[in-house]
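Asker: Take a look at the following structure, please.
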Amino acid sequence: MVQVVCLDPRDSNYNFMYCPSFPAAVLFSALFGLTTIAHIIQAIHYRKKFCWVVVMAGIWETAGLVLRVLSVLHTTSSAYGEPSQLLILLAPLWINAFLYVLMSRVVYFYVPEKRVAGISAQRLSLCFVMLDITAFLMQAGGGSMINSNNSAKTQMLGIHIYMGGIGLQQFFILGFTALVVRFHVRMNRIGGSTEWKHPLYAMYTSLLLITIRIIFRLIEFSSGVYSPITMHEAPFYCLEATPMFLALLLWNVYHPGQVLVGPESEFPKKVKKSKGKKELHLVATPSPPL
């Protein structure tokens, strides 16, 4: 039987604001690990290279929860607690990025003109991934400052930066959702096959799950380091871990490789052109007999 050492939350060496559950940490580590393994197998089976993004999301979530297990076993060691928190805070951005690259390929595959709202499929992916990186950098900077080794002032600054980052992430999600709705309307007008609805409804659900998680984090940090939410473990598993697990599991069930099939399911490879020079292809002809 594993014995968890629980201390006073005000102890600066203690990693938690409550007495953490070892079984819960192990359970979610296993769940995230299983869905990640499934994503790796599916990416190979369906030959979808862009699915490395969702695999990264699963790896970060799994690593964060495994480190949480170790942190529960060593409640006074920052070697596990701080990296665990940072990985869990940042992992959802990988899910966001996956939705962006997936949507661009859905547009390329289903829309005849290969664009939505005047934005080409390739540019759609590039723009939103760059915006996602901006939110990632803000959240990484803020999240790295939220640890017990820093002063209360530094932790509050980190919280404000992190909240700004997830607020920015949600703003980008709203803009992205508007484009998804625009695509939905366009496809209804086109008619024909409705297989595009499977990835689209899965995308709506994923965006909702990420939004639930963002709202939870905004409420959690709005009262500072010590808030009613941070003093209990249940909200973390109910409103952080569970939504992100479901978001990953959803794409195991409705994997894009099931509908994005054929050459049009991927962007064409760019052909390198030589600068200012035309290549001459010389064909050797046999010399006449002497």
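Numbers in my numbering are just positions in the sequence shown, counted from 1, shifted up by 49.
Ideal Cβ positions, reconstructed from N, Cα and C, are used throughout, including at glycine.
1. Sorted by chain position, which residues of the same chain lie with C-beta nearer than 7 Å to G113's C-beta, five sequence neighbours on each side aside?
2. Give the straight-line distance between the Cα atoms of W109 and H281, rounded to the nearest whole angstrom.
3. DSSP has V165 in a bridge; who is on the other side?
4. Please report the distance separating the alpha-carbon of F71 from that of V121.
5. Going by C-alpha distance, which of A92, G192 and I264 is nearest F220?
6. Alpha carbon to alpha carbon, how far is C68 from G82?
7. Do V165 and F232 have their C-beta atoms within less than 8 Å of each other?
8. Helix, strand or coil: which one does DSSP assign to D181?
9. In chain order, what residues of the same chain lie with their CB nearer than 6 Å to the CB of V341, ignoring the 5 residues before and after it?
10. Can you tell me where the alpha helix (DSSP H) with K246 in it begins and where it stops?
11. Is it right to say K97 is buried, meaning 16 or more other beta carbons lie within 10 angstroms of its own, or is it exposed?
12. Where does H209 fall in DSSP's three states?
13. Does the stretch 168-177 come into contact with the stretch 208-215, if we say contact requires no fewer than three beta-carbon pairs (one atom in each stretch) closer than 8 Å?
14. Report the residue from R154, I268 and M187 whose alpha carbon sits nearest the alpha carbon of P248.
15. Assuming V53 contacts W300 (C-beta within less than 8 Å), just tell me the rounded distance between them.
16. How big is the Cα-Cα spacing for R237 and L295?
Answerer: From the atom records:
1. S133, L136, I137 and A140
2. 23 Å
3. I168
4. 6 Å
5. I264
6. 24 Å
7. yes
8. helix
9. Any question about residue 341 goes unanswered here, given that the chain covers just 50 to 339.
10. K246 to S271
11. buried
12. helix
13. no
14. R154
15. Their Cβ separation, rounded to whole angstroms, is 33 Å, which puts V53 and W300 out of contact at 8 Å.
16. Before going further, note that residue 237 is Asn rather than Arg in the sequence given. About 28 Å.
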